[in-house]
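Structure first, commentary second.
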Amino acid sequence: MYGLRIQHDVGASSQDKAGVLPGSKTVPLKSVGVDVTIKGFVANVQSTLTYENQKEVAVETVFVFPIDDQSAVYQFEADIDGRHIVAECQDKEQARETYKDALKTGHTAMLLSESDTSGDVFECKLGNLPPHGAATLTFSYVTELTTGSEGIVTFTLPTVLNPRYTPPGFEMSPPSSDAIQYTDIQYQMRFVTKVEGQHLIKAIVPKMDMLKVDLADDKKSANVTLDDATKFKFDHDLSLTLEYEDVFQPTVILEKGQNSKEGFLKSDVVMMDFLPDLRSVPELTEAEFVFVIDCSGSMGGDRIAKAKETVLLLLKSLPVGCFFNVVAFGSSFKWWFTSSMKYDENSLEEALKLQKVLDANLGGTEILRPLESLYAQPLHTAKFRQVFLLTDGGVSNTNQVITLARKNADNTRIFTFGIGEGASTSLVRNVAKVTNGLATFVTDKEKLQNKVMTVLKHAMQLPVTNLNLEWNLPPGCTAINIPQQAPVVFKGQKVIIYALINGVEHLNEDTQCSAVLKGDIGKENSIHYTLNFDLMTVVKSDDSFPVHRLAAQTQIKDFEKSGDDSKKGEITLISMSANVVSRYTAFVGVDKEKKELVDGGRLVERHRFPKRLRCGFSGAERRNIQLYTSKPMPKVNIQVPCGDIGYDRTDRERTKCRMSGSVYKQGRTSGVMTLIDLQKFDGSWVLDRELAAAVCLSEDVLKSKLPDNLDTSVWATALGVACLQKKFASEKTLWELIEKKALSWLSSQNLAGKTVSELVTLARDVLSTPPRLLSEGDEGEQHIWYRKYFV
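1 is the number of the first residue of the sequence shown in my numbering; add one for each residue after it.
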């Protein structure tokens, strides 16, 4: 975001430009300030950019930065040499012409616009900054905070903007060499967050950076600052989590309109967030699961390692009898099976062989072609397809990908995962949104596996369709839902809905109302959730209209789902009346007092790549910037007893474990993944030395404890379940579906007069036997297994 800074002179030759770049120190951007105000589940972000032109000529600056796709940019102002300029929201083409005309006539001007190809990339231009002049630019936006099923609320300030891959057939101007140069030029950074009211605060926790948290004694407010902003590295997003005391309690905010305003800002707007009761929603009995895995070069290292382990988890957790397939993609793509296979012992065995060799070796990130191939394949008997799309990147044809996904939403639901820093929120959020799926973002420091398994549970839930919000309002009041179709809901997930309310100003005593969320579950079931509240006692919002802006942005994004320009008029009208930037509008401001003709420098700002990465172009992929490590890692072999891990470290930081192809963070295979890897497709385990090693007991000990008249596979499965419960309780998210499948299998077997619970309890007691660790030089049968799989 606020990273790579590059300068070249407008009138210089290409050769001259390249010579200026490496040592340029005349960059006008001097400091960045970020002030965040969080109220409940809404964050208002104000970013301030301070420029000083130390050159003898006027300059133009271009600043490209990411903003989450669901955010609403509503303000753009500047202070230039004592003069204050407020930008207007205009039609984008008109705004660009206004900006160009201002520069031609010597006026200082500014332009803020959304990218034409992606809703999460913005460009800020400041033209004709006078010699030795100073300017402070301020832009503001509001955004919804995400709430996980565990009740954790997350705020993220995007600071990473990755290069977007341009597939063949969607040619754009190739990136200039300027865009990939690196410089260590630094500037000041300030970050302050205030959390206010609505909910009692239990804790505020940073995800990566050192943040100073000052929590008030009454727990109603807090101040958060970056401990040492000068040390902040712009190679990751700045993120923090909030824990509220009553996070799942419904909240209703009424934001009054102003009669002096026109259009959208004149009406009252209600924002409701609530947790519908979806315990009655059954699971899918039949489904097809397709896993679309990004294997481009930027997925190397820990990312592909976590993706491999995630694929293993998904394959092991699928319900018996479903259909499944996997496609690995990059510049090209490859299906594991010609068509989706029924989930059985043979198909799982074949898939696990392919999972072992999954690697980040397919070049660039091209998502459209594998999705086109997916939709070209006929549905199986399940008649409903669940897709898991894992990617760390973004593409320049994002709109085409979203349009394709929307056209096939009737029979295919896509759950998207943005992996690592800088994954495109426009791509990840909107592909999920238009197909009634869920979007999930996972940083490089978080566990991808946990989040994917949580989403898999949602994917196994029968979809709730035909969602509608109905109102019971006092006489004289009316409501218009935004969007008209209520958003998708899943068990344990909060829902945010907006509505324009008219007639509130005429209410007297009767102020009670209710909103009723209705939807269908299959052909026979339905949901009916009612939220009651009093219009006169709901939370009131402030005068900056954050709820209005978010409601307008929600309506704009809903109109954009059409995928074409058919809603351009409606989008432009809402955008300008609510003062919210859209793909068809932009902010433009002109200082009509000062004139300085541009005849000198031009500054171009781009994202700064981390120091440990380097960038380059190669062959047909020259439009896709490949990231790779510059130093090979030495190879290391370690022989260890049970409980530890053996691993190889190879070049390019790709660490591969030799245990069944499973890979864990930094090359280490965890004990729980070892156990999961050994489970069969139907949920059972086999009593052999591999299972014995996984539970840290000898095979002889386990067999000696076999209850009378009990089959060894039943006993092995009870031991597997007991081991998950006893030794890996803290990782239940990973193995909950594994356990469910095992318990279902046990319930169908002959248990020799015992219940499933009794058998698992007996197995837990056996696992309490102290393990026998191998002594040095022990060449017993168990040690041979260790040597085979770990070294």
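Each residue gets a CB set at the ideal place from its N, CA and C atoms; glycine is no exception.
For residue i, the first and last residue of its enclosing beta strand (DSSP E)
{"i": "residue 685", "result": "Element bounds for residue 685: n/a, residue is neither H nor E."}
{"i": "residue 370", "result": "Where residue 370 is concerned, there is no enclosing beta strand (DSSP E), although the alpha helix (DSSP H) it sits in stretches over 368-376."}
{"i": "residue 140", "result": "134-144"}
{"i": "residue 335", "result": "333-335"}
{"i": "residue 725", "result": "That residue, residue 725, is in no beta strand (DSSP E); its alpha helix (DSSP H) goes 712-727."}
{"i": "residue 48", "result": "42-52"}
{"i": "residue 203", "result": "201-206"}
{"i": "residue 527", "result": "525-534"}
{"i": "residue 874", "result": "In this structure the chain extends from 1 to 791, so residue 874 is not present and cannot be described."}
Spatial neighbours of residue i in its chain, beta-carbon cut-off 7 Å, leaving aside the 5 residues before and after
{"i": "residue 706", "result": "712 and 715"}
{"i": "residue 72", "result": "141, 142, 549, 550, 552, 553 and 580"}
{"i": "residue 675", "result": "694, 720, 723 and 724"}
{"i": "residue 149", "result": "454, 492 and 493"}
{"i": "residue 347", "result": "341"}
{"i": "residue 545", "result": "255 and 265"}
{"i": "residue 678", "result": "685, 690, 691 and 694"}
{"i": "residue 733", "result": "450, 453 and 454"}
Range covered by the alpha helix (DSSP H) that runs through residue i
{"i": "residue 559", "result": "546-560"}
{"i": "residue 513", "result": "No alpha helix (DSSP H) holds residue 513; the beta strand (DSSP E) holding it covers 512-521."}
{"i": "residue 747", "result": "732-747"}
{"i": "residue 488", "result": "Taken as a continuous stretch (DSSP letters only), residue 488 belongs to no alpha helix (DSSP H), as it is neither H nor E."}
{"i": "residue 312", "result": "302-317"}
{"i": "residue 425", "result": "425-434"}
C-beta contact flag for residue i and residue j at 8 Å
{"i": "residue 207", "j": "residue 443", "result": "yes"}
{"i": "residue 137", "j": "residue 314", "result": "no"}
{"i": "residue 200", "j": "residue 224", "result": "no"}
{"i": "residue 561", "j": "residue 434", "result": "yes"}
{"i": "residue 281", "j": "residue 462", "result": "yes"}
{"i": "residue 472", "j": "residue 499", "result": "no"}
{"i": "residue 253", "j": "residue 36", "result": "no"}
{"i": "residue 467", "j": "residue 484", "result": "no"}
{"i": "residue 330", "j": "residue 198", "result": "no"}
{"i": "residue 29", "j": "residue 587", "result": "no"}
Nonlocal neighbours in the same chain, by C-beta distance under 6 Å from residue i, ignoring five residues either side
{"i": "residue 584", "result": "92, 568, 571 and 572"}
{"i": "residue 808", "result": "This structure leaves residue 808 out entirely; the chain is present only between 1 and 791."}
{"i": "residue 306", "result": "448"}
{"i": "residue 85", "result": "78, 589 and 591"}
{"i": "residue 516", "result": "470 and 530"}
{"i": "residue 501", "result": "268, 270 and 479"}
{"i": "residue 69", "result": "119, 120, 425, 426 and 429"}
{"i": "residue 157", "result": "238"}
{"i": "residue 386", "result": "287, 289, 413 and 459"}
{"i": "residue 44", "result": "37, 142 and 546"}
Counterpart residues of residue i in DSSP-defined beta bridges
{"i": "residue 385", "result": "288 and 412"}
{"i": "residue 88", "result": "588"}
{"i": "residue 214", "result": "223"}
{"i": "residue 500", "result": "269 and 480"}
{"i": "residue 193", "result": "36 and 224"}
{"i": "residue 454", "result": "For residue 454, which the question treats as bridged, DSSP gives no partner whatsoever."}
{"i": "residue 83", "result": "80"}
{"i": "residue 327", "result": "292 and 335"}
{"i": "residue 74", "result": "Looking at the DSSP assignment, residue 74 forms no beta bridge with any residue, so it has no partner."}
{"i": "residue 68", "result": "None, per the DSSP bridge assignment."}
{"i": "residue 576", "result": "Per DSSP, none; premise fails for residue 576."}
{"i": "residue 239", "result": "156"}
{"i": "residue 59", "result": "129"}
{"i": "residue 124", "result": "63 and 112"}
{"i": "residue 540", "result": "254"}
Residue i CB to nearest heavy atom of the ligand SAH below 7 Å
{"i": "residue 247", "result": "Summarising the ligand content, the structure contains no ligands, and the ligand SAH is consequently not present."}
Own chain, CB closer than 8 Å to residue i, minus 5 neighbours either side, in chain order
{"i": "residue 324", "result": "288, 289, 290, 291, 315, 318, 340, 341, 343, 347 and 351"}
{"i": "residue 513", "result": "471, 472, 473, 474, 477, 532, 533, 534 and 535"}
{"i": "residue 372", "result": "404"}
Proximity test, Cβ basis, 8 Å: residue i and chain C
{"i": "residue 306", "result": "Here there is only one protein chain, and chain C is not present."}
(request) Please confirm if the stretch 361-374 is in contact with the stretch 393-400, defined as three or more CB-CB distances below 8 Å between the two stretches. (result) yes
(message) Within 8 Å, do at least three Cβ pairs link the stretch 347-359 to the stretch 243-260?
(response) no
(request) Evaluate the contact criterion for the stretch 294-311 versus the stretch 413-425: three or more CB pairs, one atom per stretch, below 8 Å. (result) yes
(message) Does the structure place the stretch 127-134 close enough to the stretch 53-62 that three or more beta carbon pairs sit under 8 Å?
(response) yes
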